[in-house]
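First comes the structure, then the notes that go with it.
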Amino acid sequence: METKFEIEKLNLYYGSFQALQDIDMNIYSNRITALIGPSGCGKSTFLRTLNRMNDLIRGVTIEGTVKFDGEDIYGNFYDIIKLRKKVGMVFQKPNPFPKTIYENIVYGPKIHGEKNKTVLDNIVERTLKEVAMWEEVKDRLQKPALGLSGGQQQRLCIARCLAVEPEVILMDEPTSALDPVATSKIEGLLEELAEKYTIVIVTHNMQQAGRVSDYTSFFLNGKVIETDKTEVIFSNPANKKTEEYITGRFG
Amino acid sequence: MKTYEKAIEKVILLSAIMATISVGLITFFIFRSGLPVLLEYGIIDFIFGTTWSPTNGDYGILPLIAGTLSITIGSLIIGVPTGIACAVFLAEILQKKWAKAFKFSIELLAGIPSVVYGFFGLVVLIPAIREYILPIYQFFDPEVSQTGFSVLAGAVILAIMILPTIVSMSENSIAAVPVEFKEASLALGANKMETIVRVLIPAAKSGILSSIILGMGRAIGETMAVLLITGNMAKIPGTILDPVATLTGTIAMEMGYASPTHQQVLFAVGIVLFVVIMILNIIAQLSVRKIGGNA
Ligand SMILES: Nc1ncnc2c1ncn2[C@@H]1O[C@H](COP(=O)(O)OP(=O)(O)OP(=O)(O)O)[C@@H](O)[C@H]1O
Ligand SMILES: [Mg+2]
Numbered sequence: 001m002e003t004k005f006e007i008e009k010l011n012l013y014y015g016s017f018q019a020l021q022d023i024d025m026n027i028y029s030n031r032i033t034a035l036i037g038p039s040g041c042g043k044s045t046f047l048r049t050l051n052r053m054n055d056l057i058r059g060v061t062i063e064g065t066v067k068f069d070g071e072d073i074y075g076n077f078y079d080i081i082k083l084r085k086k087v088g089m090v091f092q093k094p095n096p097f098p099k100t101i102y103e104n105i106v107y108g109p110k111i112h113g114e115k116n117k118t119v120l121d122n123i124v125e126r127t128l129k130e131v132a133m134w135e136e137v138k139d140r141l142q143k144p145a146l147g148l149s150g151g152q153q154q155r156l157c158i159a160r161c162l163a164v165e166p167e168v169i170l171m172d173e174p175t176s177a178l179d180p181v182a183t184s185k186i187e188g189l190l191e192e193l194a195e196k197y198t199i200v201i202v203t204h205n206m207q208q209a210g211r212v213s214d215y216t217s218f219f220l221n222g223k224v225i226e227t228d229k230t231e232v233i234f235s236n237p238a239n240k241k242t243e244e245y246i247t248g249r250f251g
Numbered sequence: 252m253k254t255y256e257k258a259i260e261k262v263i264l265l266s267a268i269m270a271t272i273s274v275g276l277i278t279f280f281i282f283r284s285g286l287p288v289l290l291e292y293g294i295i296d297f298i299f300g301t302t303w304s305p306t307n308g309d310y311g312i313l314p315l316i317a318g319t320l321s322i323t324i325g326s327l328i329i330g331v332p333t334g335i336a337c338a339v340f341l342a343e344i345l346q347k348k349w350a351k352a353f354k355f356s357i358e359l360l361a362g363i364p365s366v367v368y369g370f371f372g373l374v375v376l377i378p379a380i381r382e383y384i385l386p387i388y389q390f391f392d393p394e395v396s397q398t399g400f401s402v403l404a405g406a407v408i409l410a411i412m413i414l415p416t417i418v419s420m421s422e423n424s425i426a427a428v429p430v431e432f433k434e435a436s437l438a439l440g441a442n443k444m445e446t447i448v449r450v451l452i453p454a455a456k457s458g459i460l461s462s463i464i465l466g467m468g469r470a471i472g473e474t475m476a477v478l479l480i481t482g483n484m485a486k487i488p489g490t491i492l493d494p495v496a497t498l499t500g501t502i503a504m505e506m507g508y509a510s511p512t513h514q515q516v517l518f519a520v521g522i523v524l525f526v527v528i529m530i531l532n533i534i535a536q537l538s539v540r541k542i543g544g545n546a
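Residue numbers (this note's numbering), protein chains in the order written: chain D, 1 to 251; chain E, 252 to 546.
Now the structure itself:
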């Protein structure tokens, strides 16, 4: 089993506030890793260190190493654009651009230099099929994406992310703004996507973590309490805190 | 307390009524003074006539329209890219605290009386045009001789005058674009410039557009500054160094000595301005409302 990300001694500070403490973790290729833990424990912060989205926030300092395919992404000459192309992200709130469905999907490929209309058309069809939306929207590709339902918007965002052919998809509570039907559609999708992509997903929903993930990592107060196979975490966690959280005794 | 509040309410109501009535009266007065002569002379002859020579009874305002249009378009060509670039810089690139100071000082530009701009143009811009731009023209055509009072001078000054409107409204609408769009773009591997050009500016376009339209309204309505520096020759300009007369400038200059008919014609010019600016304001209002609807 290949390791996609190797994280060692990762510390992150917002100004003087330490949000992540000595994180060590491996994220494996073609597996779904779930990050769970109470609100404010640093899950989103951690997720955003993997594609360097925290660089946007002023006053953030990061120590330690995050290796992606063996290379430290915080190294001096690392190409962030290439990183973000390989490590895509789906956000908590569906955030399609105020453009057409078609334009949303081809945005990434166009940025990365693809101009050929046929190629772009094929990307749109392929990615919409991957998110099981092609039949629903194939007749209205030129309609505004903001006219779609919340669940459709989120799947469109996943398609937009797939369009740049990433290797990893980071998802920050991708279903928390959706109803149960849309949620189960996306969960079903995750399993299929895991065949081709490495997925890291933040969720507050224990059942969801249990249902979809191969590995689960429990965060508490900026630290990783434990990471293990999902069955183990849910049936026989090593740490008492993990058990308490999973059984709903706090958090 | 109750009666006091009621009194205040009455005063406010009265002020509102007064304001509305004044606008109504002014409109009525302009139309009453200008409309008869406009209809008598013929709207087509009036708007498309190429000779403006009031002393001979020629009231074709096409040269004036061309004058106003040329400096307005010129000011937009200079002012819009500068203004948008400035707005982007303030909203996205500069640190917040510096951006505030910059924005404040740009907004101060709006408070400078327009005659001061005109005077600045007169003593700085016009000599500069004569000295640096004219020689370029003369290089190609030695015959050319111009004074510097020109379309170019008017366009430059107007560009500076519309900058506060464009910058502050565009900055507001760029800053109001949800951060989620920016993050989505960056997360797809776009760089900052691509994100600005392809996501932020398009998402803010109705605000930017209405800032341009309002700026245009200001440019068309501006009188004093352009009066001082455009040369006031009622001729359709051939090059940007030709002098022109504007609709507003002509009204201001000729009202003082106009014969009764001439005076009515100037009111008719006022009607043209009134209608054009009204239309621009309505367009701007509509596009602002559209942003509200989208958000
Ligand atoms: N931009 C920021 N500046 C300062 N502190 C921040 C910033 N973003 C997050 N924090 C702090 O860092 C800690 C971790 O936040 P983070 O958003 O990673 O938590 P989370 O586990 O994702 O929580 P939730 O489940 O509510 O999304 C919190 O205490 C939060 O207040
Ligand atoms: Mg979070």
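Here a beta-carbon is modelled for each residue, glycine too, at the ideal position from N, C-alpha and C.
Just so you know, these numbers come straight off a predicted model, no measurement behind them.
| query | S44/D: beta carbon under 6 angstroms from a heavy atom of ligand 2? | reply | Residue mapping note: residue 44/D aligns to position 44 of the first sequence, counting from 1. Within the cutoff, so yes.
| query | I think I233/D touches F218/D, with their Cβ atoms under 8 angstroms apart; what is that distance to the nearest whole Å? | reply | Sequence index remark: in the first sequence, residue 233/D carries index 233 (1-based). Sequence index remark: in the first sequence, residue 218/D carries index 218 (1-based). Rounded, the Cβ-Cβ distance is 7 angstroms, consistent with contact.
| said: Using beta carbons (cut-off 7 angstroms, strictly below), is K85/D in contact with chain E? | reply: As a first step, residue 85/D is located in the first sequence; it is residue number 85 there, counting from the start. Yes, K85/D lies at the interface with chain E (some Cβ there is under 7 angstroms from its Cβ).
| Thinking C-beta only, is V477/E closer than 7 angstroms to T497/E? | Residue numbering aside, residue 497/E sits at position 246 when the second sequence is read from its first letter. Residue numbering aside, residue 477/E sits at position 226 when the second sequence is read from its first letter. Taking 7 angstroms as the Cβ cut-off, T497/E and V477/E qualify as a contacting pair.
| message | Can you tell me whether K67/D is helix, strand or coil according to DSSP? | response | Along the first sequence, read from residue 1 onward, the residue named residue 67/D stands at position 67. Strand.
| Own chain partners of G147/D with C-beta closer than 6 angstroms, once the 5 adjacent residues on each side are dropped | Against the first sequence, residue 147/D aligns to sequence position 147. Excluding positions up to five away in sequence, the list is empty.
| message | Can you find the residues in the same chain that come closer than 8 angstroms, C-beta to C-beta, to K4/D, ignoring five residues on each side of it along the sequence? | response | Along the first sequence, one-based indexing puts residue 4/D at 4. So the qualifying residues of the chain are I27, Y28, S29, F68, D69, E167, V168 and T198.
| From K443/E, S421/E, S424/E and A470/E, pick the residue whose C-alpha is nearest to that of G405/E; which is it? | On the second sequence, position 154 is the one that residue 405/E refers to. It is A470/E.
| Are any of the Cβ atoms in chain D nearer than 7 angstroms to that of L289/E? | One-based indexing of the second sequence puts residue 289/E at position 38. So, not an interface residue.
| query | For G521/E, which residues from the same chain have a beta carbon less than 7 angstroms from its beta carbon, with the 5 sequence-adjacent residues on both sides left out? | reply | Taking the second sequence and counting its residues from 1, one reaches residue 521/E at position 270. Taken in chain order, the residues that qualify are I281, G285 and I502.
| C-beta contact flag for P314/E and W303/E at 7 angstroms | Sequence index remark: in the second sequence, residue 314/E carries index 63 (1-based). Sequence index remark: in the second sequence, residue 303/E carries index 52 (1-based). Cβ atoms of P314/E and W303/E: closer than 7 angstroms.
| request: My understanding is that S419/E touches E358/E, with C-beta atoms under 8 angstroms, so please give their C-beta distance in whole angstroms. | output: Taking the second sequence and counting its residues from 1, one reaches residue 419/E at position 168. Taking the second sequence and counting its residues from 1, one reaches residue 358/E at position 107. Confirmed, about 6 angstroms.
| query | What does G440/E reach in chain D if we use C-beta pairs closer than 7 angstroms? | reply | In the second sequence, residue 440/E corresponds to position 189, counting from 1. What G440/E touches in chain D: I81, R84, K85, G108, I111, H112 and V164.
| request: Please compile the residues from chain D whose C-beta is within a distance smaller than 8 angstroms of the C-beta of L437/E. | output: Here residue 437/E is taken as the residue at index 186 of the second sequence, counted from 1. Residues of chain D passing the Cβ test: M53, L56 and R84.
| field | Closer than 7 angstroms at the beta carbon, the chain A residues around F219/D | value | No chain A appears in this structure, whose protein chains are D and E.
| query | How should D252/D be labelled, buried or exposed, when 16 other C-beta atoms within 10 angstroms of its C-beta is the threshold for buried? | reply | Residue coverage of chain D in this structure runs from 1 to 251, which leaves residue 252/D outside it and unanswerable.
| field | Under 7 angstroms by beta carbon: chain D residues contacting F432/E | value | Here residue 432/E refers to the residue found at position 181 when the second sequence is read from its first residue. In chain order: N95 and F97.
| query | What did DSSP end up calling T3/D once you bin it into helix, strand or coil? | reply | Here residue 3/D is taken as the residue at index 3 of the first sequence, counted from 1. Of the three classes helix, strand and coil, the one that applies to T3/D here is strand, per DSSP.
| task | Tell me, please, whether the CB atom of A338/E is closer than 7 angstroms to any CB atom in chain D? | result | On the second sequence, position 87 is the one that residue 338/E refers to. Taking Cβ atoms only, chain D never reaches closer than 7 angstroms to A338/E, which makes this a no.
| task | Compare the C-alpha of I363/E against each of A336/E, M412/E and I272/E and name the closest. | result | Locating residue 363/E in the second sequence gives position 112, where the first residue counts as 1. Cα-wise, what sits closest to I363/E is M412/E.
| If we count the other Cβ atoms within 10 Å of its Cβ and call it buried at 16 or more, is Y255/E buried or exposed? | On the second sequence, residue 255/E is found 4 positions in, with the first residue counted as 1. Exposed: under 16 other Cβ atoms inside 10 Å.
| request: Determine the chain D residues that contact E445/E at a beta-carbon separation under 9 angstroms, and present them in chain order. | output: To locate residue 445/E, count along the second sequence from 1; it is residue 194. Going along chain D in sequence order, the residues near E445/E (Cβ under 9 angstroms) are I111.
| Which value, in whole angstroms, describes the spacing of the CA atoms of M373/E and L345/E? | In the second sequence, the residue the question calls residue 373/E occupies position 122. In the second sequence, the residue the question calls residue 345/E occupies position 94. Note that residue 373/E is Leu in the sequence shown here, rather than Met. Going from the Cα of L373/E to the Cα of L345/E covers about 34 angstroms.
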